[in-house]
Amino acid sequence: MLNQVQRRMLMRRVLQAIPVLILATFSVFMLLKMLPGDVAITLAGENATQERIEEIRTLYGLDRPLLVQYGDWVWGAVQGDLSKSLLSGEAVSDTLARVFPNTLFIVAYAILLAVLAGVPLGVLAASRAGGWADKLVMVFSSVGVALPNFWLAMIFVGAFALNRQWFPATGFTPASEDFGAAVWQATLPAVALAASGMAEVARQLRSSLVEVLESQHFRTLHAKGLSPRAILWKHGLRNVSVNLLTVISLLVNRTLAATVVVEVVFAIPGIGATIVDATLRRDFPVVQGVVLAMVVTVIVVNLIADMLYSVLDPRIAQR
Amino acid sequence: MTESQNRRPTLAELPQLRRRQVLAGFAGVGALAVAGMPFAASAAGGALRIAANANPSSLDPATGGAGSDHVFLYNFYDTLVDWDYATLAPLPGLATSWEFTDPQTLVFQLREGVTFHDGSPFDAEAVKFNLDRNRTANLSNIKKDVANIAEVIVDGPHQVTLKLSAPDTALPLILSDRAGMMIAPSSVGNDPETRADRAPIGTGPFSFVSWTDGEKVAGKANPDHWREGIPRVDTLDMHIIPDGATALRAVQSGQAEIAYQISERQKTLIEKMPNLQLAFGPTLYVYQMYLNSARGPLQDERVRKAMMLAIDRDAWVLATQAGVGEPAYMNLPKAHWAWSEKAAKQVTYDLDRAKAYMKEAGLEGGIDLDFRGYPDQASVQRAEVVLEQLGKIGVRGKFTNGPIAETSGLYFGTEKQGDVLLSAWTGRPDPSLTYALLYSESSYYNAGRVKPPAGYDQAIQDSRSTNDQAERAEALGRAQELAMGAAMNIPLSIRYEVDALSSKVEGYKPNLLGKPKFRDAGLT
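Protein chains in written order, with the numbering used here: chain X, -8 to 310; chain B, 130 to 653.
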């Protein structure tokens, strides 16, 4: 398992995560409060008197100072209580348990596709650097990075859901209910999300591989009589694995954010669609809960990446 | 049923373009209805999936506040009175007949042998519980609808008498709306102050299964429903998809069978798609500008009139609804039985007169107003068209946009923010309710709580004191004429129902209220 150096690093990273969590949730909380509007008026409904609106403010604690409201939320969150939706009354933890796995499934699917397609393309381009295959891959990946994923999503829906009904245009079944259906329904959104990731992986992998392959110690490997294939796959990839890992972890975080739009296009009940709806309706406990879940995910992904760095390159943990 | 026959709009009375539109719409409806008939008696089945455009505010008819809720509520609840889809003329529902024994006494005969989804009986006691809850409970959001009911008397197991505080012939149609939706008293423990927001138990064609917020409301067929062969499917899933284009794609690619209230712009697309059917027709939904006549320059009737005359409604329909719809000259569509030619005449497009009014008010230099609206793309586009048109008479301003419930709350509620709200009126089955709610002095939707012109309240009262359709139409026309004469609000256009149906759907009909019912929809 973990050695002492790695355990120390893990502890350090967890402690560092605490101020990040506080800063992220606090700024989102303040931003929400700065938005014009008052959820108490929405809750009070039509024909509400000023007394009723005040009563609701008191009932939900909306009349307290902002810092007290935030402190109250943090205190609850520390104890595992993320409060309830102001509008539906559903516990935020229940909402997250319902929608977050859907988003994670699509993100994981998209990352898998991006890596499965991006790595071979990057290797191909690097091994034929300057050749036509390299140029082709670079053109494709430039286009891939430039295309907005929501636009791609619409194009995919038109081509593969409406013209040829290979995939559904909307909806999602949780993987826990029917894994096959989840894969089928998540394919179009995952491909749309994966396109730019694939391009990113291919480009980054190519440039770092080309750099490594041109270095002096790779010349030595050639001189030693190793086959180009062994040099590339055994030594080359290992050398660039840290870079690749960095690209993938950044990609996870970016894809998570991109679900906000793609989930709306595909009518998928995930955290992206949830945070859009909750923000529009000023349902701040839900927004806070989703932000917390997203920040924790980003921190965990970074932590895993850090741990893997130290496995791939033990010098890192000692720094 | 003692209500007199509604006057159906004759096609010859309609202008050329509209006649064709209505023919297209109702021919489709007719064909669907005819095609549906043989199936009505045959074994039904299948899962009907609807793309619904909003999460319900509540599934308790007394507590909810959104006009988009009805589409959900109609599945779980029957109403005491039903209506004709094309004309909104009252028809028997849970009440088999009704009669005004005198202007202030309304007697309902109730359908026998009907049970709620929990097995408890639907009877006169249940009706009394519901009507008393709607008119007196603290949680009730619809007290105003039934304010004229003074007492509900149980005469026998299947007869109730409503004693009214004032004559109100609008009540039967009012009881075809929220106020007439009957919930099982047992489902709230016979306590009128208990909410049934998330556990709707009625007598409707579907019983409630589940509601996942922002995701799905599910129901299953009520096998004991009193209507023969209704419902015609086994299950009903209403998937909440707020984006209209996404909803349409769901039907196109087979994830839903019906998407309703699609943008008018998509009508041509639906017509062109081989696997889709179009359901189409006028509704009571009116796009309009609400004016707060108690604020700033809008206190001057001449300014309001100038704004009314500055709107080119034909251009508005073309620009904001792709030409699918009709200009609104009052709060009703032309096809409605209470439409008044005389009232409509006051609402024209006349820039010269508009400018003259501004000059007369001493405001030729123009004015700045605080406009309120909603942030979605279509609303923003409507806002741009309004500003462009009003700019021609020097009325300038900036829109502040926010979520519907909140923006309405700030505008109509106690805060009184904004001079103009660009929004819509979703309509009520009885037009007297529309007029009472929009322009009465104490009404919530009269943002300035300003007094309507003399004779307005009398006109509403007159419309509720007679059972004769022509007399009612005359009184309502008078009310509308007074409201438009004082430019209390500015109607813009009538929305047309545009629904996309998969080719498997038959029997479904849109209705003039513009709030679809799915009980007749079957699948081939």
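Heads up, the beta-carbon is just placed ideally off N, CA and C, and yes, glycines get one too.
Own chain, CB closer than 7 Å to residue i, minus 5 neighbours either side, in chain order
i	result
V98/X	V243, T246, L247 and T250
V90/X	P260, G261, I262 and T265
A172/B	For A172/B, the pLDDT reaches just 43, beneath the cut-off of 50, and the residue's location in the model is therefore unreliable, leaving the point undetermined.
V277/X	S76, V83, T86, T265 and A269
Whole-angstrom distance between residue j and residue i, CA atom to CA atom
i	j	result
A170/B	G171/X	Bear in mind that a pLDDT of 37 at A170/B, under 50, signals an unreliable position, so the number given afterwards is only what the model happens to contain. Rounded to whole angstroms, A170/B to G171/X spans 38 Å at the Cα level.
E400/B	E393/B	12 Å
P165/X	N140/X	22 Å
A185/X	I102/X	6 Å
Y51/X	G28/X	16 Å
A448/B	D497/B	24 Å
S301/X	R(-2)/X	11 Å
F251/B	G242/B	8 Å
F647/B	Y637/B	7 Å
E42/X	V19/X	29 Å
Q417/B	N596/B	30 Å
L78/X	E470/B	44 Å
K257/B	A308/B	12 Å
F229/B	G285/B	18 Å
P620/B	V515/B	12 Å
T332/B	W554/B	29 Å
K273/B	W212/B	21 Å
Within chain B, the residues that residue i reaches when beta carbons sit closer than 7 Å
i	result
R272/X	P532
I97/X	Chain B residues near I97/X: none, gap ~16 Å exceeds 7 Å.
E254/X	Result: empty, since nearest Cβ-Cβ is about 10 Å, beyond 7 Å.
D268/X	G343
S79/X	D342
Neighbour-count burial assignment, residue i, 16 or more Cβ in a 10 Å radius
i	result
L161/B	Because L161/B sits at a pLDDT of 36, beneath the cut-off of 50, its placement in the model cannot be relied upon, and the following sentence gives the value as read from the coordinates. Label assigned to L161/B: buried.
P314/X	The question about residue 314/X has no answer, for chain X in this structure spans -8 to 310.
P558/B	buried
H368/B	buried
L6/X	exposed
E311/X	The structure shown has nothing for residue 311/X, since chain X only spans -8 to 310.
Y264/B	Per the sequence shown, residue 264/B should be read as Arg rather than Tyr. Buried: at least 16 other Cβ atoms inside 10 Å.
R378/B	buried
I278/B	buried
V59/X	exposed
Q510/B	exposed
V134/X	exposed
T298/B	buried
I146/X	exposed
E544/B	exposed
T313/X	This structure cannot speak to residue 313/X, because chain X is shown only from -8 to 310.
S632/B	exposed
G454/B	buried
Bridge-paired residues (DSSP) for residue i
i	result
W227/B	F237/B
M418/B	L551/B and I619/B
G410/B	E626/B
I71/B	The shown model of chain B, from 130 to 653, leaves out residue 71/B, and the question about it has no answer.
T49/X	Answer by DSSP bridge pairing: none, since T49/X is not bridged.
Q288/B	Q238/B and G285/B
S339/B	A347/B
W212/B	P219/B
A39/X	Paired residue(s): none; A39/X is not in a bridge.
Chain-ordered neighbours of residue i on chain B, where CB pairs are closer than 9 Å
i	result
E46/X	Per Cβ cutoff of 9 Å: no residues; E46/X is ~12 Å from chain B at best.
G28/X	G531, P532, E535, T536 and L539
Neighbourhood of residue i by C-beta, 6 Å cutoff - its chain only, sequence neighbours within 5 removed
i	result
N234/X	S199
F168/B	Residue confidence is low: F168/B scores 38 on pLDDT, short of 50, so the model does not pin down where it sits. Its coordinate-derived value is still stated next. So the list reads G651, once near-sequence residues are dropped.
S592/B	S561, R601, A604 and L605
I359/B	P334 and R648
K644/B	H199 and V200
Where residue i meets chain B, residues with beta-carbon distance less than 8 Å
i	result
P260/X	T341, G343 and E344
T265/X	G343
S84/X	The premise fails here: S84/X is roughly 14 Å from chain B at the closest Cβ pair, so nothing lies under 8 Å.
Proximal chain X residues relative to residue i, where beta-carbon distance stays under 7 Å
i	result
I370/B	T161 and A258
S382/B	A152, L153, Q156, P159 and A160
G542/B	I32 and A39
Proximal chain X residues relative to residue i, where beta-carbon distance stays under 9 Å
i	result
A379/B	P159, A160, T161, G162 and A258
Contacting residues, own chain, Cβ-Cβ under 8 Å from residue i (five flanking each side not counted)
i	result
L519/B	M436, A439, I440, R525 and G526
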